[in-house]
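*Asks:* Residues in the sequence shown are numbered from 1 upward in steps of one, following UniProt numbering.
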Amino acid sequence: MWVEFKEGGDPFSDEVDGPMRKLFLERLSSYAEMAMGRAHRTHIYTVLVMGTFARLIRWDRSGAVMTDKFQYKEHPEILGEFFWRFARMTDEVQGYDTTAQLVPPGTKLYHLMDSMTEKKLPELLDYIRTEFQKSIDAGCCRYQLAVEDKERVTRHFLVGRPLHITPGLVGRGTRSYVAVDVEKEVFVHLKDQWRYAPDEDAMQQEHAADDGHPLRIGEASPEGDILSYLNLMGVHNVPTVVCHGDVGREVTATQDAWKAINQGLRTAGAGAHSDQPLKLVHYRLIQEEVGRPLSECEAGVELVKVISDCIMAHEDAVILAGVLHGDVSPGNMLMSFDAVHKALYGYGGKHDNAYDLRQRTRPFVSRAILDRDVRQPTIQDDLESFFYVLVYYSVRYLKHNSEDVASFMLDFFDSYSFSNGEYSCGQCKRRTIQMPYSNGPITGKLSSPAKVHTRIH
């Protein structure tokens, strides 16, 4: 919990000047984002003092819930009762993730983490040991994280500082770690995130549309379930699941407050906002492979090889398992090395059926989905996203003839159109995809395309 003091103004009041109110709200949100991203928390409280008024705020991965503002001098009992209750809350209710335990210096687990920095690995995989060593440098806290799989077997993993933190307060809040499996004393990849969970209405619709596939349509299937099924069906170039599971009873609460408030508005005959916060559940996934981001490709041929391998994984997932990714983006594509064959290979990362546009990585979403021409993603949409990934990393990291990289990246990946209250595809991306052009030279050379492309989507 933290207390924020401000002489005046209210970031949650429509009466305050728009730009200043937005700036203050962004500042408050950034504080909550930093606290949630740097510490193992499920939610956090704020006491916001604005002159003679105050508000109480609760932040989680679905958003924030706040009280009406009140005059704390005239009603000191409100703050008094809040602090009294807060002091008597359990750590879990205060917002601490109780499945993350500090590893004190001098303990057996602390020494195990130190010894793993000396572990001998094949040269091509030594980057894993190096990254783990960086994560437990002096000043970095060490934690033991618990993962309870579906068989209700609890396993423990040791982590230091995250390799990657997804920015933003609202959303998955994904943190990636190089972790140590306490039981087997090997390096693994640990992904700590908040997964989207369907509400009861969506679950009823999903059961009604059940087609007998082992994985249900939409976002009900956790990523670990999907990857385990892909592993079972023999899909190439996807991570190998060690274990996975939801973390205790850690679920966001903002969406419940939103429903209660909007139900009251509908009962009173007032309009209700349609942008409903989504329910998220704390979730951890352990994978055997510890990959590297595409930004570490050292040449164009490596980049193309990695993306090609990911496309092969995508094809296998569709043909062998009937699973379509739905959110192809750089964050879901990684590269690693085959220590036996000493070869670079790419593999698809996150698989959790991102069918809600709010869950997708917008810069790499297809034109048709951005323009809402299609409701659900298709194979063509995902292949278009692969093309955008290739363009993005080619322009950012390889030699090219563009004279204004910043403007191109902004226009192509981050611009948008706005009409009738809805956002849609930006003009640069739309022109690139829809503008007809000739393939003269390459069409002449590839007189027999089927002989060249042995793997066809």
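By construction, the Cβ of each residue, glycine as well, lies at the ideal position given by its N, Cα and C atoms.
Owing to the predicted nature of the structure, the values given are computational and were not obtained by experimental measurement.
#1: The alpha helix (DSSP H) that contains Thr130, what's its start and end?
#2: Once DSSP output is grouped into helix, strand and coil, what is the label at Phe70?
#3: Quick check: what's the CA-CA separation for Leu121 versus Thr99?
#4: Taking the alpha-carbon positions, what's the Glu185 to Val391 distance?
#5: Helix, strand or coil, according to DSSP, for Ser30 in the structure here?
#6: What's the C-alpha gap between Gly168 and Ala253?
#7: Can you name, in chain order, every residue of its own chain whose Cβ lies under 6 Å from the Cβ of Val281, other than the five neighbours on each side?
#8: Can you list, in chain order, the residues of its chain with a C-beta nearer than 7 Å to that of Ser320? Leave out the 5 residues immediately preceding and following it.
#9: Can you give me the start and stop residues for the alpha helix (DSSP H) that Gly95 sits inside?
#10: In whole angstroms, what is the alpha-carbon distance linking Phe24 and Met50?
#11: Quick check on this structure: which residue in Glu4, His244, Ser228, Ile128 has the alpha carbon closest to the alpha carbon of Val153?
#12: Would you please state the rounded distance, in angstroms, between the beta carbons of Arg142 and Val180? I believe it to be under 8 Å.
#13: So the candidates are Phe83, Gln276, Arg161; which of them puts its Cα closest to the Cα of Ala260?
#14: For Tyr393, count neighbouring C-beta atoms within 10 Å of its own C-beta (all shown protein chains included) and say buried if the count is 16 or more, exposed if not.
#15: Put Val247 into one of helix, strand or coil per three-state DSSP.
#16: Rounded to the nearest angstrom, what separates His314 and Leu124 at their Cα positions?
#17: Is the beta carbon of Thr240 sitting closer than 7 Å to the one on Glu288?
#18: I'd like the list of long-range same chain contacts for Thr174, defined as Cβ closer than 6 Å, with 5 residues on each side in sequence excluded.
#19: According to DSSP, which residues form a beta bridge with Gly63?
#20: Taking the CB atoms as reference points, tell me whether His40 and Asp126 lie closer together than 7 Å.
#21: Across the region 295 to 303 and the region 104 to 115, are there enough close Cβ pairs to call them in contact, namely three or more that are closer than 8 Å?
#22: In the DSSP assignment, what residue or residues form a beta bridge with Phe157?
#23: Since Thr46 is in the beta strand (DSSP E), which residue starts that stretch and which ends it?
#24: From the DSSP output, read off the bridge partner residues of Asp192.
#25: Relative to the C-alpha of Met1, which candidate in Tyr388, Ser366, Met34, Met20 has its C-alpha closest?
#26: By DSSP's criteria, Lys6 is part of a beta bridge. Which residues make up the other side?
#27: Figure out for me which residue from Arg27, Asp338, Arg38, Gly426 has the closest Cα to the Cα of Ser176.
#28: Give a yes or no on whether 7 Å exceeds the smallest Cβ distance from Arg161 to chain B.
#29: For Pro162, I'd like the list of residues in its chain whose CB is within less than 7 Å of its CB, leaving aside the five on either flank, ordered along the chain.
#30: Please work out which residues of its chain come closer than 7 Å, Cβ to Cβ, to Glu183, disregarding the five sequence neighbours upstream and downstream, and give them in chain order.
#31: Alpha carbon to alpha carbon, how far is Ala138 from Ser30?
#32: Of the choices Phe364, Ile379, Pro222, Ser221, whose alpha-carbon is the least far from that of Val318?
#33: With DSSP run on the structure shown, which of helix, strand or coil describes Gln427?
#34: Can you tell me which residues form a DSSP beta bridge with Arg55?
#35: Can you list, in chain order, the residues of its chain whose CB lies under 8 Å from that of Ile369, leaving out five sequence neighbours each side?
#36: How is Ser419 classed by DSSP in three states: helix, strand or coil?
*Replies:* To lay it out plainly:
#1: That run of the alpha helix (DSSP H) goes 126 to 135.
#2: In the structure shown, Phe70 sits in a strand (DSSP, three-state: E or B).
#3: For Leu121 and Thr99, the distance between alpha carbons rounds to 30 Å.
#4: Cα to Cα, Glu185 sits roughly 40 Å from Val391.
#5: Three-state DSSP puts Ser30 in a helix.
#6: Distance between Gly168 and Ala253, taken at the CA atoms: about 18 Å.
#7: Closer than 6 Å at the Cβ level, and outside the excluded window around Val281, lie Arg195, Ala197, Asp246, Val251.
#8: Here the sequence assigns Leu to residue 320, which means Ser is not the residue at that position. Hits under 7 Å: Met233, Gly234, Val235.
#9: Here Gly95 belongs to no alpha helix (DSSP H), and DSSP marks it neither H nor E.
#10: Spanning the two alpha carbons is a distance of roughly 12 Å.
#11: Of the candidates Glu4, His244, Ser228, Ile128, the one whose C-alpha sits nearest the C-alpha of Val153 is His244.
#12: Their Cβ separation, rounded to whole angstroms, is 10 Å, which puts Arg142 and Val180 out of contact at 8 Å.
#13: Checked all of Phe83, Gln276, Arg161; the closest Cα to Ala260 is Gln276.
#14: Buried, since its Cβ has 16 or more Cβ neighbours within 10 Å.
#15: Annotated three-state conformation of Val247 is strand, per DSSP.
#16: Going from the Cα of His314 to the Cα of Leu124 covers about 25 Å.
#17: Closer than 7 Å, so yes.
#18: Closer than 6 Å at the Cβ level, and outside the excluded window around Thr174, lie Thr166, Gln193.
#19: Bridge partners of Gly63: Asp60.
#20: No, Cβ-Cβ distance for His40 and Asp126 is not below 7 Å.
#21: Touching, no.
#22: For Phe157, which the question treats as bridged, DSSP gives the partners Leu145, Asp181.
#23: 44 to 50 is the span of the beta strand (DSSP E), which, as asked, contains Thr46.
#24: Looking at the DSSP assignment, Asp192 forms a beta bridge with Arg175, Arg284.
#25: The shortest Cα separation from Met1 among Tyr388, Ser366, Met34, Met20 belongs to Met34.
#26: Answer is Met50, bridged to Lys6.
#27: Nearest of Arg27, Asp338, Arg38, Gly426 to Ser176, Cα basis: Arg38.
#28: Checking the listed chains, one finds no chain B in this structure; it contains a single protein chain.
#29: So the list reads Arg175, Ser176, Tyr177, once near-sequence residues are dropped.
#30: Arg155.
#31: When rounded, the separation of the alpha-carbon atoms in Ala138 and Ser30 is 26 Å.
#32: Closest option to Val318, Cα to Cα, is Ile379.
#33: Gln427: helix per DSSP, three-state reduction.
#34: Answer by DSSP bridge pairing, in chain order: Leu48.
#35: Excluding the 5 residues flanking it on each side, Ile369 has same chain C-beta neighbours closer than 8 Å at Leu357, Arg360, Pro377, Asp381, in chain order.
#36: Of the three classes helix, strand and coil, the one that applies to Ser419 here is strand, per DSSP.
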